[in-house]
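Residue numbers (my numbering): -16 to 105.
Yeah, the Cβ is synthetic: ideal placement off N, Cα and C, and Gly gets one too.
Because the structure is a prediction, the values reported are computed rather than measured.
Okay, so here's the structure we're looking at.
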């Protein structure tokens, strides 16, 4: 960590607000379009990983005092950022409204333990 504080916190907050507004606007423009919304989620996840594994790791503290300051900031500002993925089962539960029973059969198959290839009956 280079120990520098943000030089222009108001400018940073304005830029972050602009990114958030643009992201929300784009998501709303594609409301109902699961393919493009999924692409947006993938992009956001990739950006998160890129920043975390690159620039953030390079900026990690070099001494105990800086580490304490970072941990205190994490604690005060809401914890560690995390992008949670939707579980396939949760997605299928949302589709359970389908009365054909296909979704129930798929959920049942997913909930059963997988057999290894060596235990497959021929």
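- Straight across, the Cα-Cα distance linking residue 61 with residue 54 is about 11 Å.
- About 10 Å separates the beta carbon of residue 20 from that of residue 12, a gap too long to meet the 8 Å contact definition.
- Under the three-state reduction of DSSP, residue -8 is assigned to helix.
- At the C-beta level, residue 52 and residue 64 stay beyond 9 Å of one another.
- Judged by DSSP secondary structure, residue 55 falls within the alpha helix (DSSP H) whose first and last residues are 47 to 59.
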